[in-house]
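Below is one structure, written out as structure tokens, with a few remarks after it.
Numbering (our numbering), first residue to last: 1361 to 1710.
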């Protein structure tokens, strides 16, 4: 029976008259559940040359210098004792500058890197929807999802709840300028608000593990520096594969399944033709979580902290990442296959 026009027009007009404490509880209940929040670099309008002239600093800035900078001093000269002239720093500067020069111009020795754009961090994940309802709702969102991950030339822009959300870094989309390691997340363009890094409790990383024939990758070698960098990770999700490329789409982390093969079987209506074939066949990888060398990781943990580690060993899990459109495609294909197979008298089970 069609809905009554009167019911469609009904509104809860008493909400503004409720005590503020009750309204805040309602807004908090309307916040989203746990999200997977991708993060990546993007170019800013400011060049390295302009940034150096404005701040009196020299690029690159390194992670250990983050304590000497903050949002309110981003455009200020460096304080004394900032370590600008140490031999190690000068060597690191030369390495990063030459790498950027080679990438941009094929000439490692020039100073043309100065005309490259500074980079900031952003996420395609929007603010929770209720942020646009009213000022009171926005205040609740800002309290639960503080904007995080500021850089040397950019303010924090990513809405992130460290206790609730999963931060997701992809090796194939994170960097603007090429990098060889996930550890380089801080090389030259570090995250300045250290507290936002420390707030990340669940971190997911898609890293190129290579085809199985290349053998086992040295996962421990990049895992330990990442855990040291973030400091508070309680669960590290190794993302074995990413399905879907829609910008701004919601991302789901699910148990490893061969999604591409499942789609082929669903769409060809060949899934379970005899009731025995698996729709999601086992995936082949050259690394699984159970292969992690925990003794080696513990050795790294102790060495990085000179016997006093600054981070605890997290849980390790493995997942695949699937975008919202791929999930819908799978569900639609399964539904069509299910109807088809029921007509043939075959039950489908994934």
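We put the beta carbon where it would ideally sit given N, CA and C, even for glycine.
Three-state secondary structure assigned by DSSP to residue i
| i | result |
| --- | --- |
| residue 1511 | strand |
| residue 1478 | strand |
| residue 1414 | helix |
| residue 1578 | coil |
| residue 1391 | coil |
| residue 1438 | Below a pLDDT of 50, predicted positions are generally treated as unreliable, and residue 1438, at 47, falls in that range; the measurement from the model is reported next regardless. The answer is coil: DSSP assigns residue 1438 none of H, G, I, E or B. |
| residue 1592 | coil |
| residue 1585 | helix |
| residue 1447 | helix |
| residue 1491 | helix |
| residue 1379 | coil |
| residue 1619 | helix |
| residue 1374 | coil |
| residue 1560 | coil |
| residue 1457 | helix |
Residue nearest to residue i in terms of C-alpha spacing, selected from the options
| i | options | result |
| --- | --- | --- |
| residue 1490 | 1559, 1501 and 1551 | 1501 |
| residue 1496 | 1516, 1388 and 1668 | 1388 |
| residue 1413 | 1513, 1649, 1470 and 1395 | 1513 |
| residue 1422 | 1694, 1684 and 1554 | 1554 |
| residue 1596 | 1399, 1689 and 1587 | 1587 |
| residue 1605 | 1551, 1567 and 1398 | 1398 |
| residue 1625 | 1449, 1700 and 1523 | 1700 |
| residue 1452 | 1562, 1475, 1529 and 1418 | 1418 |
| residue 1652 | 1457, 1510 and 1583 | 1583 |
| residue 1594 | 1676, 1516, 1649 and 1669 | 1676 |
| residue 1591 | 1560, 1614, 1621 and 1566 | 1560 |
| residue 1672 | 1659, 1681, 1530 and 1470 | 1659 |
| residue 1614 | 1382, 1395 and 1391 | 1395 |
| residue 1390 | 1472, 1487, 1402 and 1471 | 1487 |
| residue 1411 | 1534, 1537 and 1549 | 1549 |
| residue 1530 | 1509, 1498, 1563 and 1516 | 1563 |
| residue 1483 | 1458, 1693 and 1609 | 1609 |
Paired residues, beta bridge with residue i - DSSP
| i | result |
| --- | --- |
| residue 1519 | 1507 |
| residue 1565 | 1529 and 1598 |
| residue 1466 | Partner(s): none; residue 1466 has no beta bridge. |
| residue 1407 | 1477 |
| residue 1548 | 1421 |
| residue 1537 | Partner(s): none; residue 1537 has no beta bridge. |
| residue 1401 | 1481 |
| residue 1611 | 1683 |
| residue 1396 | 1526 |
| residue 1603 | 1682 |
Contact test: residue i Cβ vs the ligand SAH heavy atom, cutoff 7 angstroms
| i | result |
| --- | --- |
| residue 1496 | This structure does not include the ligand SAH; it has no bound ligands of any sort. |
Neighbour-count burial assignment, residue i, 16 or more Cβ in a 10 Å radius
| i | result |
| --- | --- |
| residue 1437 | Annotation note: pLDDT 47 at residue 1437 (below 50); position unreliable, no value reported. |
| residue 1518 | buried |
| residue 1493 | exposed |
| residue 1349 | One cannot answer for residue 1349 here, as it falls past the ends of the chain, which runs 1361 to 1710. |
| residue 1679 | buried |
| residue 1431 | Note on residue 1431: pLDDT 41, under 50, position unreliable in the model; no value is reported. |
| residue 1408 | buried |
| residue 1662 | exposed |
| residue 1435 | Residue placement at residue 1435 is poorly supported in this model, since its pLDDT is 47, which falls under 50; the coordinates still yield a value, given next. Residue 1435 comes out exposed. |
| residue 1688 | exposed |
| residue 1478 | buried |
| residue 1556 | buried |
| residue 1602 | buried |
| residue 1525 | buried |
Practice item. Within the stretch 1652-1705, note down every full alpha helix (DSSP H) run reaching 4 residues or more, in order along the chain. Key: DSSP runs (the alpha helix (DSSP H)) wholly in the stretch 1652-1705: 1654-1664 and 1684-1703.
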